[in-house]
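J.:
Residue numbers (the numbering used here): 107 to 229.
1. Could you check if residue 154 is buried or exposed, using at least 16 other CB atoms within 10 Å of its CB as the buried criterion?
2. Classify residue 136 as helix, strand or coil using the three-state DSSP reduction.
3. What distance in whole Å lies between the Cβ atoms of residue 114 and residue 173, which are believed to be in contact at a cut-off of 8 angstroms?
4. Cβ atoms of residue 140 and residue 188: under 8 angstroms apart, would you say?
5. Could you tell me which of 224, 209, 133 and 123 sits nearest to residue 176, measuring between CA atoms?
6. Out of 199, 126 and 186, which has the shortest C-alpha to C-alpha gap to residue 209?
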């Protein structure tokens, strides 16, 4: 429980910091197209940081539902793969890095399905 709350808080912090960096540090330094990609990375990191907080809270309420913890790790992997690849793509503009992003998106989808299934099983 505590692990996912800490991971959620850390990722929310990083999303705010990276969002500010993108808005103030990258504006005018990278093309607008890549700045938009950066913003997408920030948004999805924040959405899923909140998801990690939800996982932490659910894990505290239903500690015997193992899918919740697994969903948290899959969601964290999604953040690294999805947002991480978009951050690197934005600053390097190496287009093949975009091929990694869908794996993160799939991880997000799997994590949310796992949370939904765990909630149905628990409730």
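Positions of the beta carbon are idealized from the N, C-alpha and C atoms, including for glycine.
T.: So, to answer that:
1. Sequence index remark: in the chain shown, residue 154 carries index 48 (1-based). By the 10 Å Cβ count, residue 154 comes out buried.
2. The residue given as residue 136 occupies position 30 in the chain shown. DSSP places residue 136 in strand when its eight states are reduced to three.
3. Here residue 173 is taken as the residue at index 67 of the chain shown, counted from 1. Here residue 114 is taken as the residue at index 8 of the chain shown, counted from 1. About 17 angstroms separates the two Cβ atoms, so there is no contact after all.
4. Along the chain shown, read from residue 1 onward, the residue named residue 188 stands at position 82. Along the chain shown, read from residue 1 onward, the residue named residue 140 stands at position 34. Contact: no.
5. To locate residue 176, count along the chain shown from 1; it is residue 70. Nearest to residue 176 by C-alpha distance, out of 224, 209, 133 and 123, is 224.
6. Numbered from its first residue, the chain shown carries residue 209 at position 103. The residue from 199, 126 and 186 with its alpha-carbon nearest to that of residue 209 is 186.
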